[in-house]
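Participant: My questions all concern the structure below.
Numbering (UniProt numbering), first residue to last: 1 to 289.
Here it is, written out as structure tokens:
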């Protein structure tokens with residue numbers, strides 16, 4: 001098995017006629033993902049490489065049976081696009097868009113919760129269940145199917161960590177980039193719960209970074225609920241307090257949210273923490289012997 005997406009996933013792409021939307025749609029289709037529709041208001045009736053384009057997500061879902069939406073809509077229109085997707089009948093939305101205001105995310109998450117819709121992102125690379133389905137922008141050459149679940153706040157670190165796991169001889173069940181913003185849809189705890197329940201997943205690799213309390217919350221959850229081995233890496237060990245490090249959520253404030261605090265929390269929960277990404281492959285190998 002895998003978590004969240006698999007061979008049955010049917011995708012509608014919001015913003016499919018734009019540069020990024022059309023480019024990454026080709027990548028998803030090449031990987032074997034069933035992309036059944038695209039949406040761009042005012043361009044309904046057209047097609048992009050044979051994929052029909054509709055004016056609304058609701059119409060696309062009704063005509064094609066899409067159950068997942070991915071958004072490449074620019075930030076100034078992205079919130080409205082996610083509301084539209086959440087009201088269309090899909091149960092999963094992946095938002096690649098960066099720059100959505102945090103205050104608007106608060107109301108949006110409440111709306112999606114009432115609808116029973118999962119959001120991954122915003123400001124994320126998406127997710128992949130190797131050799132089954134990709135919904136996002138991840139470079140697929142580093143992935144192969146196997147027993148390791150990967151969840152990360154960083155897109156590029158996801159790719160690097162996965163390459164070390166694959167080079168160590170282990171594939172992945174599902175890999176998710178959950179996004180680097182301060183307020184996101186799916187969090188570490190949500191993914192840990194799904195990986196714990198997934199029979200294919202035998203170990204979990206978690207990649208965190210400075211800022212916020214998601215890693216500390218995850219460590220408490222692992223201690224109480226996760227029986228599978230968890231291996232972690234925290235980026236930003238040398239980051240100076242008060243300085244944002246790339247992601248909107250990666251900022252140390254008031255002395256909290258430091259890498260040292262997060263590493264200590266994981267070690268207290270029995271999680272092995274790598275000091276460098278390249279150690280993760282060997283730590284996985286040691287735990288899955």
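Virtual Cβ for every residue (Gly too), placed ideally from N, Cα, C.
Can you tell me which of the three DSSP states residue 279 falls into?
Facilitator: Reduced to three states, the DSSP call for residue 279 is helix.
Participant: Output the boundary residues of the alpha helix (DSSP H) element that contains residue 7.
Facilitator: Segment: none, residue 7 is in no alpha helix (DSSP H) and carries neither H nor E.
Participant: Around the C-beta of residue 190, are 16 or more other C-beta atoms found within 10 angstroms, so that it is buried, or is it exposed?
Facilitator: By the 10 Å Cβ count, residue 190 comes out buried.
Participant: For the beta strand (DSSP E) that contains residue 43, what are its first and last residues?
Facilitator: Counting along the chain, residue 43 falls outside any beta strand (DSSP E), and DSSP gives it neither H nor E.
Participant: If we ignore side chains and look at the alpha-carbon of each, how far apart do residue 187 and residue 235 end up?
Facilitator: Cα-Cα distance, rounded: 17 angstroms.
Participant: Identify whether residue 200 lies in helix, strand or coil by the three-state DSSP scheme.
Facilitator: Reduced to three states, the DSSP call for residue 200 is coil.
Participant: Tell me residue 68's beta-bridge partners as DSSP assigns them.
Facilitator: Answer is 11 and 92, bridged to residue 68.
Participant: Just the Cα atoms here: how many angstroms apart are residue 48 and residue 40?
Facilitator: Distance between the alpha carbons of residue 48 and residue 40 is about 11 angstroms.
Participant: Would you call the stretch 106-121 and the stretch 83-94 touching, i.e. three or more CB-CB distances under 8 angstroms?
Facilitator: Short answer: they touch.
Participant: For residue 125 and residue 179, I'd like the C-alpha separation in whole angstroms.
Facilitator: Those two C-alpha atoms are separated by around 7 angstroms.
Participant: Do the stretch 167-181 and the stretch 224-238 make contact, defined as three or more Cβ pairs closer than 8 angstroms?
Facilitator: Cβ pair count under 8 angstroms is below three, so no.
Participant: Judging by CA-CA distance, which residue of 206, 29, 53 and 57 is the nearest neighbour of residue 134?
Facilitator: Checked all of 206, 29, 53 and 57; the closest Cα to residue 134 is 29.
Participant: Keeping to the same chain, check which residues put their C-beta closer than 6 angstroms to that of residue 128; ignore five residues upstream and five downstream.
Facilitator: Excluding positions up to five away in sequence, the list reads 134, 138, 143 and 175.
Participant: Between the alpha carbons of residue 156 and residue 136, how many angstroms are there, rounded?
Facilitator: Near 13 angstroms, if we compare the C-alpha coordinates of residue 136 and residue 156.
Participant: Can you give, in chain order, each stretch of the alpha helix (DSSP H) that sits fully within the stretch 99-137 and has at least 4 residues?
Facilitator: Those alpha helix (DSSP H) runs which fall completely within the stretch 99-137 and span 4+ residues are 102-115.
Participant: Pairing CB atoms from the stretch 11-18 with CB atoms from the stretch 67-83, are three or more of them under 8 angstroms?
Facilitator: Touching, yes.
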